[in-house]
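Chains as they are written, first to last, in the working numbering: chain A, 1 to 296; chain B, 1 to 287.
Written below as structure tokens is the structure these notes are about.
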């Protein structure tokens, strides 16, 4: 007896509606509104300037402002640098942890902790307890070597933000990549061993290609989230000094909720979306080309 | 084992448990040291939370641990924020599951024309940065009186996390053979009872882990919380940020608050990490 699926299950399809409605209301429709606001001049704190349609002049103004171009560069540099370092560290650490030793499970559990610590706390702890030039671990170490402590947030704000992002996200990369390494069938490694492949060769030629899928997922997730970094910057450098460590999400926040320049902030948000899409597109193209090479 | 090269004694020695354990520990020590060093900021925060302010700044290595900070902190302004965090997180998590679970069920077992398109639509919404929606959401919320309200935050977090529920749960449901459902159907079970009697028990582990992850995401969320709440519906991240600016010099108390704030997601994260990996990889591979 064959069950008639079309009759049986069609009736429950309506269950999809509520979630689609809520998700569309919160994420999709606002994006369209943002797009609309980006071609408007609307500064909430200046009622004398009336709300008016200005076409693409918000965009033109942004792209001719050097500090805004610098912010785009900051965003790109922050994202690419963090992801590169996370991938590298993630690979090294997961390869190291992918073995049996006493307490291996506890070591793995400890290492994952920073990923679950919220941005606000990670930023505050690093800013005060760790990097503070007078009372942080920073000063303790500097005193140990008899040198003046470095003012990380003041002098190397971008480096500091990238360092914190890397600290938070490397454990995530380790988590994903380690799962990949553990899923490599033992026979493959065994045959490599029988072929006399050295450890480096085994890693480069067998292990890394075998976890390409995992690397991809880690990089893509990392990309999406690191482009959005906000809390860390908010509690540590506040985007400063000047706009030295400001990224796109942070400048949207500043422009929208400090200067109340709705049109300009919306244009910035649209640029952020476009940048995200460009990044994802590049990544997909790269992945597709790679997999085509592998198939060939 | 390439024991053949070694002499008899060495071979005997090597095969003993004690030797193996020694080698194991020697390999483990640097790895252990690294893991501890990596998490030092968290451990140090934990430690500082038991110091007096005088022991915290400048830092002293030796100190008499005290619970005073926790007593002070918990009798201060933290409680409403902690309460908000709990209520908003639990409600948004439960509602995201309530709506997201059936959605994933329909995508996997329903009779949609293009189930994958629906799935990818959900997935694509998670790619978009929060800044792209914040201004309209803020304005609409102001109009509706939803600014700085718990229900407003719950709604926002539902919109952000239903896609994650769909994404994760779909990967767990895909493991369940449709024949099971069909067999239940033949036995006269309705769709609804099949969902409760077959799907839910089989995917229970995955669903619980998804719930824990969503809990962590909402608990830790900063951007919406900072922009849409002030004093009435402020969550822990908002409290952290304001405490930092107002009383940032009291490091011991700051550490106590931080410890209280990170403990729930840390514990839940440790429980759910395996499912996180699995859900993500399945979502990608079976996509």
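Where is the CB? At the ideal position from N, CA and C, for every residue including glycine.
Computed from a predicted structure; not experimentally measured.
What are the start and end residues of the alpha helix (DSSP H) that includes residue i?
| i | result |
| --- | --- |
| residue 100 of chain B | 78–109 |
| residue 67 of chain A | 66–97 |
| residue 35 of chain B | 17–38 |
| residue 182 of chain A | 157–182 |
| residue 246 of chain B | 236–247 |
| residue 142 of chain B | 131–144 |
| residue 205 of chain B | 204–220 |
| residue 211 of chain A | Taken as a continuous stretch (DSSP letters only), residue 211 of chain A belongs to no alpha helix (DSSP H), as it is neither H nor E. |
| residue 74 of chain B | 68–74 |
| residue 195 of chain B | It is not in any alpha helix (DSSP H) - residue 195 of chain B carries neither H nor E in the DSSP assignment. |
Using only alpha-carbon positions, find the residue among the options that is nearest to residue i.
| i | options | result |
| --- | --- | --- |
| residue 89 of chain B | B/60, B/234, B/215 and B/233 | B/215 |
| residue 117 of chain B | B/167, B/84 and B/93 | B/167 |
| residue 104 of chain A | B/180, B/30, B/242 and B/18 | B/30 |
| residue 278 of chain A | B/51, B/16 and B/128 | B/128 |
| residue 251 of chain B | A/137, A/204, A/60 and A/220 | A/137 |
| residue 183 of chain B | B/126, B/272, B/199 and B/222 | B/199 |
| residue 174 of chain B | B/104, B/77 and B/19 | B/104 |
| residue 256 of chain B | B/270, B/221 and B/50 | B/50 |
| residue 169 of chain A | A/204, A/78 and A/209 | A/78 |
| residue 281 of chain B | A/101, A/283 and A/212 | A/212 |
| residue 234 of chain B | B/147, B/249, B/189 and B/74 | B/147 |
| residue 54 of chain A | A/61, A/40, A/47 and A/64 | A/40 |
| residue 183 of chain A | A/241, A/293 and A/208 | A/208 |
| residue 237 of chain B | B/224, B/36 and B/247 | B/224 |
| residue 240 of chain B | B/81, B/74 and B/44 | B/81 |
| residue 165 of chain A | A/206, A/85, A/151 and A/106 | A/85 |
| residue 160 of chain A | A/74, A/258, A/263 and A/292 | A/74 |
| residue 267 of chain B | A/117, A/102, A/177 and A/151 | A/117 |
| residue 18 of chain A | B/272, B/171, B/155 and B/278 | B/155 |
| residue 153 of chain A | A/177, A/242, A/68 and A/262 | A/242 |
| residue 219 of chain A | A/88, A/64 and A/268 | A/88 |
| residue 283 of chain A | A/34, A/257 and A/222 | A/222 |
With H, G and I counted as helix, E and B as strand and the rest as coil, what does DSSP make of residue i?
| i | result |
| --- | --- |
| residue 117 of chain B | helix |
| residue 3 of chain B | Bear in mind that a pLDDT of 47 at residue 3 of chain B, under 50, signals an unreliable position, so the number given afterwards is only what the model happens to contain. In this structure, residue 3 of chain B counts as helix in the three-state DSSP scheme. |
| residue 245 of chain A | coil |
| residue 35 of chain A | helix |
| residue 299 of chain A | Nothing about residue 299 of chain A can be read from this structure; chain A reaches only from 1 to 296. |
| residue 137 of chain A | helix |
| residue 62 of chain A | helix |
| residue 46 of chain A | coil |
| residue 101 of chain A | coil |
| residue 41 of chain A | strand |
| residue 297 of chain A | With chain A represented from 1 up to 296, any question about residue 297 of chain A goes unanswered, as that position is not in the structure. |
| residue 55 of chain B | helix |
| residue 360 of chain A | Because chain A spans 1 through 296 in this model, residue 360 of chain A falls outside it and cannot be assessed. |
| residue 152 of chain B | helix |
| residue 165 of chain B | helix |
| residue 123 of chain A | helix |
| residue 235 of chain A | helix |
| residue 13 of chain A | helix |
Can you list, in chain order, the residues of its chain with a C-beta nearer than 8 Å to that of residue i? Leave out the 5 residues immediately preceding and following it.
| i | result |
| --- | --- |
| residue 224 of chain A | 276 and 280 |
| residue 111 of chain A | 93, 97, 171 and 174 |
| residue 287 of chain A | 216 |
| residue 97 of chain B | 165, 207, 210, 211 and 214 |
| residue 40 of chain B | none |
| residue 25 of chain A | none |
| residue 227 of chain B | 134 and 138 |
If residue i sits next to residue j, beta carbons under 8 Å apart, how far is it from one beta carbon to the other, in whole angstroms?
| i | j | result |
| --- | --- | --- |
| residue 27 of chain B | residue 100 of chain B | Contact flag wrong, Cβ pair sits at about 44 Å. |
| residue 43 of chain A | residue 49 of chain A | 6 Å |
| residue 235 of chain A | residue 124 of chain A | 5 Å |
| residue 30 of chain A | residue 133 of chain B | 4 Å |
| residue 45 of chain B | residue 245 of chain B | Their Cβ separation, rounded to whole angstroms, is 18 Å, which puts residue 45 of chain B and residue 245 of chain B out of contact at 8 Å. |
Can you find the residues in the same chain that come closer than 6 Å, C-beta to C-beta, to residue i, ignoring five residues on each side of it along the sequence?
| i | result |
| --- | --- |
| residue 119 of chain A | 231 and 232 |
| residue 34 of chain B | none |
| residue 16 of chain A | none |
| residue 95 of chain A | none |
| residue 180 of chain A | 211 and 214 |
| residue 158 of chain B | 92, 95 and 96 |
| residue 100 of chain A | none |
In its own chain, which residues sit with a C-beta less than 7 Å from the C-beta of residue i, not counting the 5 before and 5 after it?
| i | result |
| --- | --- |
| residue 112 of chain B | 106 and 118 |
| residue 5 of chain A | Because residue 5 of chain A carries a pLDDT of 46, less than 50, the predicted location of this residue cannot be relied on, and the following value inherits that uncertainty. Closer than 7 Å at the Cβ level, and outside the excluded window around residue 5 of chain A, lies no residue. |
| residue 269 of chain B | 216 |
| residue 265 of chain B | 216, 219 and 220 |
| residue 141 of chain A | none |
| residue 161 of chain B | 92, 96, 214, 217 and 218 |
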